[in-house]
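So the protein sequences, as listed, match chains U and A. Residues 893 to 1144, numbered by the numbering used here, are exactly what the first sequence covers, in order. Residues 334 to 547, numbered by the numbering used here, are exactly what the second sequence covers, in order. Heads up, the beta-carbon is just placed ideally off N, CA and C, and yes, glycines get one too. Here the structure comes first, spelled out in structure tokens, and everything after it is commentary.
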Amino acid sequence: MTDARVVVVTGASGGVGRGIALACGEAGWTVWIAARRADAGRAVAAEVDARGGAGRFVPCEVGDADSVAGAMADVVGVSGRLDGVVHNATSGLSPVPGHLADLPIADLRDHVAVSVRGTYLLATQALPHLEATTGALVVLTSEAGFEGKAKLPAYAAVKAAQRGLVRALAREWGPRGVRVNALAPLASTPAMVTAMERDPSMAGRVMGHLPLGRLGDAETDIGPVTRFLLGDDSRYVTGVTIMADGGSCPIS
Amino acid sequence: MSVLLLGTEAPEVAVLVEALDADVLPLPTQFAEGGATDWPWADELERWRAAASDGPVVDAVVVAAWVRSPAGPVPLDGVGLDAWVARGELPLARWFAALGAAVRRCADGGAVVAVVERPAPLDCAGWAPETGVADAVEAMVRSLARSEGGRGVRVNAVTTPVRLVDGPVVDPQPPLSSFPGTVEVEVAGAIRMLLGDDAAGVTGTVLDAGCGRS
């Protein structure tokens, strides 16, 4: 890969995805904001420009095959190459609490469509382009996928499923020169703020087992680790889940 | 110990039923036609979960939501969307419904064991959907261990590659020559241990019955 990388970040119109996009912009990369919200996505693209990169927006519904195929075609059609894909988008239901035995199957479908089917669609659509550049796929998972969550069982399940996909894809795509890794971040995001508002005890639980004593910053704590997984410094790293969570998860 | 097994019609599940001398509650496997990506079977799974949850409680529940027969190893870029849904999304949703019903049918102080098919990490190429489902089930088990621990219910998982081995495995060879094991011996034995009093302090764990492969 050259330094003029072209990467796609899903769900980058806010939160962790925005932070990743800005961190990649600081490296001078072309960053495609793949999201549903055009206004917010274009605003982040402008922020990428301001960081020294080249920000672009492409509409993308990650659970929809035609939408993902169209987005990939647009990216490669305009930029001429694709070096990395970061699947960060999650269901809007992610912070909604519920018990596994009661949670509507329709809600699970939404989680699966965005996180798991989204990984499948992005991976399979991007593979030919990533193979051409010996690029990388990075999937944003969560400590919930290791530990489980009593009140967020669907979120935990799909985040774990993503790790399984990463493990298998790393073995399948390694011989083709494409690396596949996962990143489990813990950062202050609008979604986390919402979750803490809905569950006031959550803040105490989160901060109580956080050795570094603070929530991560999406741009300065999570973004650089993602950039590492996309770049040459990680060229011998595949099939792993890196925790960027302040030491929060004791399982890894 | 009286065991209730929530299982599919897979032949290997029948072997497990016999090995555990379990009563069976069948999981739904035949669904209405429709666009697979829209989950036309979601309502049916919902109804099944409600009905299955509304029965007498027992001390030991085993869940084996196995597909009838594994599709065989295929690299993910060779798996079409319909096949993806059939191998990944439908099984994941069925596990979700089944485990929800399982904890509803488990008495206070009882135990639930999920028996999951998972290839060893070295052997998971071609099995991406199944690997994803297995990891999802592991997280479901840990979520339920957390939510049900307060009433003394233990929730654990046993993993096995017994039907997911296709030809010679990647070197190094598994430590035990019995690899990949059998449902009636290695898998059933691990389940009995986790259901029994010897595992009274064990919850939220995954016991791999893969003959040392993992």
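Residue nearest to residue i in terms of C-alpha spacing, selected from the options
i        : options                                   : result
D1002(U) : G1027(U), G955(U) and A1048(U)            : G955(U)
A466(A)  : V436(A), F429(A) and L455(A)              : The displayed chain sequence assigns Val, not Ala, to residue 466(A). When each option's Cα is compared against that of V466(A), the closest is F429(A).
G388(A)  : V436(A), S402(A), P408(A) and L409(A)     : V436(A)
R1059(U) : R451(A), S386(A) and D356(A)              : R451(A)
P987(U)  : L1044(U), R1068(U) and T922(U)            : L1044(U)
T538(A)  : V474(A), V495(A) and E422(A)              : V474(A)
S510(A)  : D499(A), G534(A) and G543(A)              : G543(A)
V470(A)  : R401(A), A375(A), V535(A) and P424(A)     : P424(A)
V923(U)  : R934(U), G933(U), A998(U) and A946(U)     : A946(U)
E1023(U) : L1104(U), L1013(U), Q1054(U) and G1066(U) : G1066(U)
E1064(U) : D499(A), L455(A) and S547(A)              : L455(A)
Burial state of residue i, where buried means 16 or more other Cβ atoms lie within 10 Å
i        : result
A930(U)  : exposed
D1113(U) : buried
A1048(U) : buried
V950(U)  : buried
R420(A)  : buried
S335(A)  : exposed
V970(U)  : exposed
G1115(U) : buried
Q1017(U) : buried
R1106(U) : exposed
P1142(U) : exposed
M1099(U) : exposed
T894(U)  : The predicted position of T894(U) is uncertain, since its pLDDT is 47 and thus under 50; no value can be drawn from it.
H1101(U) : exposed
L353(A)  : buried
Y1012(U) : buried
P501(A)  : exposed
E463(A)  : buried
E342(A)  : exposed
Proximal chain A residues relative to residue i, where beta-carbon distance stays under 7 Å
i        : result
Y1128(U) : The contacting residues do not exist; Y1128(U) stays about 18 Å from chain A at best.
E1039(U) : R475
R1063(U) : C457 and A458
V1004(U) : E422 and L425
Amino acids of chain U, ordered along the chain, whose beta-carbon sits closer than 8 Å to that of residue i
i       : result
R487(A) : None at all; the shortest Cβ gap to chain U is about 14 Å.
T464(A) : G1056, L1057, R1059 and A1060
W288(A) : Outside the modelled stretch of chain A, which goes from 334 to 547, sits residue 288(A), for which no answer is possible.
V436(A) : L992 and A993
R546(A) : Within 8 Å Cβ-Cβ: nothing; R546(A) doesn't reach chain U, min ~14 Å.
According to DSSP, residues forming a beta bridge with residue i
i        : result
W924(U)  : V900(U) and R948(U)
G1108(U) : A1079(U)
I1134(U) : L1075(U)
E450(A)  : T493(A)
Proximity test, residue i beta-carbon vs the ligand MG heavy atom, cut-off 7 Å
i       : result
D530(A) : Ligands displayed in this structure: none; no statement on the ligand MG is therefore possible.
Partner residues on chain A for residue i, Cβ-Cβ distance less than 9 Å
i        : result
P996(U)  : A375 and E379
R1001(U) : D371, W372, A375, E422 and A426
R1090(U) : Going along chain A, no residue has its Cβ under 9 Å from R1090(U), so there is no contact; the nearest lies around 17 Å.
L974(U)  : The contacting residues do not exist; L974(U) stays about 15 Å from chain A at best.
R1009(U) : T370, L414, W417, V418, G421 and E422
Contact set between residue i and chain A, taken where Cβ atoms lie within less than 8 Å
i       : result
E891(U) : Chain U is shown only over 893 to 1144; residue 891(U) falls outside these bounds and no answer can be derived.
Partner residues on chain U for residue i, Cβ-Cβ distance less than 7 Å
i       : result
E568(A) : The question about residue 568(A) has no answer here: the residues shown for chain A are numbered 334 through 547.
G433(A) : L992 and A993
Chain-ordered chain U contacts of residue i [CB-CB under 9 Å]
i       : result
L409(A) : Y1012, A1015, T1016, L1019, L1057, A1060, L1061, E1064 and W1065
Are the stretch 964-978 of chain U and the stretch 896-907 of chain U touching, with three or more C-beta to C-beta distances below 8 Å?
-> yes
Counting pairs of beta carbons, one from the stretch 481-496 of chain A and one from the stretch 434-450 of chain A, are three or more of them closer than 8 Å?
-> yes
Pairing CB atoms from the stretch 1073-1091 of chain U with CB atoms from the stretch 1032-1045 of chain U, are three or more of them under 8 Å?
-> yes
At least three beta-carbon pairs within less than 8 Å, the stretch 510-526 of chain A to the stretch 343-354 of chain A | yes
Cβ contact check for the stretch 989-998 of chain U and the stretch 936-950 of chain U: 3 or more pairs under 8 Å | Touching, no.
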